[in-house]
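Residue numbers (our numbering), protein chains in the order written: chain A, 1359 to 1777; chain B, 1359 to 1777.
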Ligand SMILES: [Ca+2]
Ligand SMILES: [Ca+2]
Ligand SMILES: [Mg+2]
Ligand SMILES: [Mg+2]
Ligand code: NI
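Here it is, written out as structure tokens:
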């Protein structure tokens, strides 16, 4: 019999007791932000749990890590603290443990209905980097932009390519996005200027960094997992026309920096461990600093829906899976630090667009519509790129035995450019 | 007769009463960081000035902006606060004002000898972006990497190109730098891996953002100056071999993120105003969102010296000037936000390498030595790229009538890679 909570959890819920993802929420509009974990249709307020002295382990019991407006302090404490907190919370929420179950007034304070809370960014993000770790995505982009001769650059199979992203414009799921304006490639003598005409989503996940490393001290690839707290879903909104015009020679800038959306719940690596699977074999073999003793991905089903303005339902436009990544999360992190670059708790490492091998599993409209040439159908209409009013929702989950470990939703709606 | 301070200031000093640049310092190793301004060979402790109630204007007088460990709060207050603080401080330090001059115990507390303090990063940097605004630099790099046919890309004259940089590895002048390790282009079948063999400096300046803008709300180019507090000197250390191998298609990453050094004193735009000069004429004319009513640069002489290990003196390897920039600081900032990207107080906008037209004014070794082919001489030795033990120092100043408005030094020494 699987572990069960006294809190009722529907078998389709993303948040059974096996998950316990971390987020930051406000119980009411003017209340202070505080950490919580999701359980069924409720959020367990960790500031209440900590204030009540229910974290009784040797590390978290002595800390004020959940009396903070973000998770950064807890992130920095590392895996021993994370394991201890998880064990405390699984016990506290289990069907056989009376402490919270049988204390009505504490339960009332500690368990807040999820539909009543406002979710916030769970951490202060010092730096955000975005990788390019799906071979199918790299190949498709190369095909579209450079032709089929050499779709993938010579460096791609030797290193997990990445760029520095913009931390300030990272927003939480549910935040509307204004269509960016900018320059795009000229048709005549002068560049196009105006609202982007090739607005896209990118289906990604992102790792959240726990303990960082000192400047000048690389992290060993076999210890990299200890620096990753967990994962979120990420939509790296992209303006393909702005990006196409600006990106040579210094990479994407304004084509990306107008917004990036995160799902609110961080699913921990500990909760994902039952869904670990072998990463693809790498050929050529990676250089020693990227060669892992155990090279693993996670089997996380992902799907993207678009709901046009006025429509009732979201139409699924693609289904992919994190397991398609060529470069693993731990290789990404080790590569990021090999030059001595320091990571800090709360830093965000995006995987890059997660495309699978089949056309139905491509991770962005650029690939799905082959740069707008083959529009996708959406419940009676079609899309080359995103239109104003479109709401894009990415969801993801792992399938356990009788339960799901899920991420909830990462969604955002496009508002028209300001005049 | 020019304005004078009761604090003795040598005519060669970078810090006369006309300057009053802001920094953050510790008066002793275990003391708390606090804001200060430089005056001659002293630092005026602004926490002491504020605690003593000597900021008596309507904005700063009511604030605790200098009782903070960084300048972010003051930066966010904007130009009216900056003008008020400058006016208060120029009066307080002037030779004719008795308040501080004649109060020995207050003076003792408030004025700390500069050689006794430890300088810190003056602000928390949320995001750092680095531009590519010198035409001479763009042309030289294009020539070296792509050949003389089309040294400058088609987009360069239409937009100030930039990339997102790494905020975590920005350090204050005087911090040693460990030579980065990484991958470089293959000679045989496998990439080179090891300590960078093409370590370089980049002579840059950087603007520090004052008040930010809301996500989705671009800043008008004619109002952009109100979002810039001041400038620092920046050395954007670069590993040319790592950069060359990784940068296609997403731009520089590990070739840059191992460290970036800032000079400690932020010279305000108000102090630089007497040294404003016309920016170069732009042809083709910029798009309307980049067209400024007044397009100005600043006449700031810059020079870079290298001191090899064991040498007594630094040898000047280049002399350049901020006035060579093609894209102005205000165009950079307006462009950065045109897609709705939000800036926050304390953000850093690097200018890109500041090369002048003549070979003696190129802003990095890549250009000065033409990718290592023509080594520069250094006091009996030569350099293609930087060697372990080299100390690079960048300085800059404006020449006033009988005084200098200077930036102090931005320096760092290369330590060998760890084994
Ligand atoms: Ca991406
Ligand atoms: Ca640079
Ligand atoms: Mg984005
Ligand atoms: Mg750098
Ligand atoms: Ni950043």
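Heads up, the beta-carbon is just placed ideally off N, CA and C, and yes, glycines get one too.
For this session: Please list, in chain order, all residues of the same chain as residue 1622 of chain B whose beta carbon is under 6 Å from its beta carbon, the five residues on each side excluded.
Result: Position 264 of the second chain, counted from the start, is the residue given in the question as residue 1622 of chain B. Answer for residue 1622 of chain B: 1381, 1477, 1530 and 1531, listed in chain order.
Exercise. From residue 1722 of chain A to residue 1562 of chain A, what distance separates their C-alpha atoms?
Worked result: Locating residue 1722 of chain A in the first chain gives position 364, counting from the first residue. Locating residue 1562 of chain A in the first chain gives position 204, counting from the first residue. Each residue's alpha carbon lies about 10 Å from the other.
For this session: Give a yes or no on whether the C-beta atoms belonging to residue 1724 of chain B and residue 1598 of chain B are separated by under 8 Å.
Result: Numbered from its first residue, the second chain carries residue 1724 of chain B at position 366. Numbered from its first residue, the second chain carries residue 1598 of chain B at position 240. Result yes, Cβ atoms of residue 1724 of chain B and residue 1598 of chain B sit closer than 8 Å.
Exercise. Between the Cα of residue 1461 of chain B and the Cα atoms of B:1502, B:1766, B:1421 and B:1407, which residue gives the shortest distance?
Worked result: In the second chain, residue 1461 of chain B corresponds to position 103, counting from 1. Looking at the Cα atoms, B:1407 is the closest of the given residues.
For this session: Output yes or no for whether 8 Å exceeds the beta carbon distance between residue 1759 of chain B and residue 1360 of chain B.
Result: Taking the first residue of the second chain as 1, we reach residue 1759 of chain B at position 401. Taking the first residue of the second chain as 1, we reach residue 1360 of chain B at position 2. Yes, these two residues count as a Cβ contact at 8 Å.
For this session: Establish whether the CB of residue 1427 of chain A and some CB of chain B are separated by less than 8 Å.
Result: Here the question's residue 1427 of chain A lines up with position 69 in the first chain. It does not: the Cβ of residue 1427 of chain A has no partner Cβ on chain B nearer than 8 Å.
Exercise. Residues of chain A with a CB under 7 Å from the CB of residue 1536 of chain B: which are they?
Worked result: As a working mapping, residue 1536 of chain B is identified with position 178 in the second chain. 1574 and 1698, listed in chain order.
Problem set entry | Sequence-distant residues of the same chain with beta carbon closer than 6 Å to residue 1609 of chain B, five excluded per side | Taking the first residue of the second chain as position 1, residue 1609 of chain B is located at position 251. Same-chain partners within the cutoff: 1521.
For this session: For the stretch 1394-1403 of chain A and the stretch 1371-1381 of chain A, state whether three or more C-beta atom pairs, one from each stretch, are separated by less than 8 Å.
Result: yes
Exercise. Is residue 1485 of chain A near ligand 6, in the sense that its beta carbon is under 7 Å from a heavy atom of that ligand?
Worked result: Judged by which ligands are present, ligand 6 is missing from the structure shown, whose ligands are ligand 1, ligand 2, ligand 3, ligand 4 and ligand 5.
Problem set entry | Buried versus exposed, by CB contacts within 10 Å (16 or more), residue 1389 of chain A | Working through the first chain from its first residue, we reach residue 1389 of chain A at position 31. The residue is exposed, with fewer than 16 neighbouring Cβ atoms inside 10 Å.
Exercise. Residue 1541 of chain B: which of A:1697, A:1498, A:1441 and A:1576 sits nearest, CA to CA?
Worked result: Taking the first residue of the second chain as position 1, residue 1541 of chain B is located at position 183. Looking at the Cα atoms, A:1697 is the closest of the given residues.
Problem set entry | Where residue 1755 of chain B falls: helix, strand or coil (DSSP) | The residue given as residue 1755 of chain B occupies position 397 in the second chain. Residue state, collapsed to three classes: strand.
Exercise. Whose C-beta lies closer than 7 Å to the C-beta of residue 1738 of chain B among residues of the same chain, with five residues either side of it excluded?
Worked result: Position 380 of the second chain, counted from the start, is the residue given in the question as residue 1738 of chain B. The answer is none, since no qualifying residue turns up.
Exercise. When the cut-off is 8 Å and only beta carbons count, does residue 1519 of chain B lie next to chain A?
Worked result: As a first step, residue 1519 of chain B is located in the second chain; it is residue number 161 there, counting from the start. It does: the Cβ of residue 1519 of chain B has a partner Cβ on chain A nearer than 8 Å.
Problem set entry | Any non-hydrogen atom of ligand 2 closer than 7 Å to residue 1562 of chain B Cβ | Residue numbering aside, residue 1562 of chain B sits at position 204 when the second chain is read from its first letter. Within the cutoff, so yes.
Exercise. Which whole-angstrom value describes the C-beta separation of residue 1769 of chain B and residue 1750 of chain B, a residue pair presumed to lie in contact below a C-beta threshold of 8 Å?
Worked result: Numbered from its first residue, the second chain carries residue 1769 of chain B at position 411. Numbered from its first residue, the second chain carries residue 1750 of chain B at position 392. Confirmed, Cβ separation roughly 6 Å.
For this session: Enumerate, from N- to C-terminal direction, the unbroken beta strand (DSSP E) stretches of 3 or more residues contained entirely within the stretch 1600-1673 of chain A.
Result: 1618-1620, 1634-1636, 1654-1656 and 1659-1665
Exercise. Any idea what DSSP makes of residue 1740 of chain B, helix, strand or coil?
Worked result: Along the second chain, one-based indexing puts residue 1740 of chain B at 382. Residue 1740 of chain B: strand per DSSP, three-state reduction.
For this session: List the whole-angstrom C-beta distance separating residue 1778 of chain B from residue 1556 of chain B, where the pair is believed to meet the contact cut-off of C-beta under 8 Å.
Result: An answer regarding residue 1778 of chain B cannot be provided, because it is not within the stretch 1359 to 1777 covered by chain B.
Exercise. What do you reckon, is the C-beta of residue 1558 of chain B under 7 Å from a heavy atom of ligand 2?
Worked result: As a working mapping, residue 1558 of chain B is identified with position 200 in the second chain. No, ligand 2 has no heavy atom inside 7 Å of this Cβ.
For this session: Name, please, each residue of chain A whose Cβ falls closer than 7 Å to the Cβ of residue 1494 of chain B.
Result: Here residue 1494 of chain B refers to the residue found at position 136 when the second chain is read from its first residue. Those within 7 Å of residue 1494 of chain B in chain A number zero; the least Cβ separation is about 16 Å.
Exercise. What's the gap between the Cα of residue 1559 of chain A and the Cα of residue 1625 of chain B?
Worked result: By one-based count along the first chain, residue 1559 of chain A stands at place 201. By one-based count along the second chain, residue 1625 of chain B stands at place 267. Their Cα atoms are separated by approximately 41 Å.
Exercise. From the beta carbon of residue 1502 of chain A, is the nearest beta carbon of chain B less than 8 Å away?
Worked result: Taking the first chain and counting its residues from 1, one reaches residue 1502 of chain A at position 144. Taking Cβ atoms only, chain B never reaches closer than 8 Å to residue 1502 of chain A, which makes this a no.
Exercise. Which term fits residue 1632 of chain A, buried or exposed, when burial requires 16 or more other beta carbons within 10 angstroms of its beta carbon?
Worked result: Along the first chain, one-based indexing puts residue 1632 of chain A at 274. That one is exposed.
For this session: Return helix, strand or coil for residue 1727 of chain B, following the three-state DSSP convention.
Result: Against the second chain, residue 1727 of chain B aligns to sequence position 369. Of the three classes helix, strand and coil, the one that applies to residue 1727 of chain B here is coil, per DSSP.
Exercise. Enumerated in chain order, which unbroken segments of the beta strand (DSSP E) with a length of 3 residues or greater are wholly contained in the stretch 1459-1508 of chain A?
Worked result: 1469-1471, 1476-1478 and 1486-1489
For this session: Measure the C-alpha to C-alpha separation of residue 1419 of chain A and residue 1464 of chain A and round it to an integer number of angstroms.
Result: As a working mapping, residue 1419 of chain A is identified with position 61 in the first chain. As a working mapping, residue 1464 of chain A is identified with position 106 in the first chain. Computed Cα separation, rounded: 18 Å.
For this session: Would you check if there are 3 or more beta carbon pairs closer than 8 Å linking the stretch 1442-1455 of chain B to the stretch 1480-1487 of chain A?
Result: no
Exercise. Which residues, taken in chain order from the stretch 1622-1642 of chain A, show a beta carbon closer than 7 Å to some beta carbon of chain B?
Worked result: none
Exercise. Skipping 5 residues on each side, what residues in its chain have a beta carbon closer than 7 Å to that of residue 1638 of chain B?
Worked result: Locating residue 1638 of chain B in the second chain gives position 280, where the first residue counts as 1. Answer for residue 1638 of chain B: 1684, listed in chain order.
For this session: Specify, as a first and last residue, the run of the beta strand (DSSP E) that residue 1694 of chain A falls within.
Result: Numbered from its first residue, the first chain carries residue 1694 of chain A at position 336. From DSSP, residue 1694 of chain A is part of no beta strand (DSSP E) but of the alpha helix (DSSP H) over 1687-1695.
Exercise. Secondary structure at residue 1361 of chain A, three-state DSSP: helix, strand or coil?
Worked result: To locate residue 1361 of chain A, count along the first chain from 1; it is residue 3. Residue 1361 of chain A falls in the coil class under three-state DSSP.
For this session: Look at residue 1376 of chain B and residue 1763 of chain B and say whether their C-beta atoms are less than 8 Å apart.
Result: Working through the second chain from its first residue, we reach residue 1376 of chain B at position 18. Working through the second chain from its first residue, we reach residue 1763 of chain B at position 405. Yes. Within cutoff.
Exercise. So, residue 1695 of chain A versus residue 1492 of chain A, is the Cβ gap smaller than 8 Å?
Worked result: By 1-based counting over the first chain, the position of residue 1695 of chain A is 337. By 1-based counting over the first chain, the position of residue 1492 of chain A is 134. Not in contact: residue 1695 of chain A and residue 1492 of chain A (Cβ atoms no closer than 8 Å).
For this session: Take residue 1367 of chain B and list the residues in its own chain whose beta-carbon comes closer than 6 Å to its own, dropping the five residues that flank it on each side.
Result: Sequence index remark: in the second chain, residue 1367 of chain B carries index 9 (1-based). 1374 and 1398.
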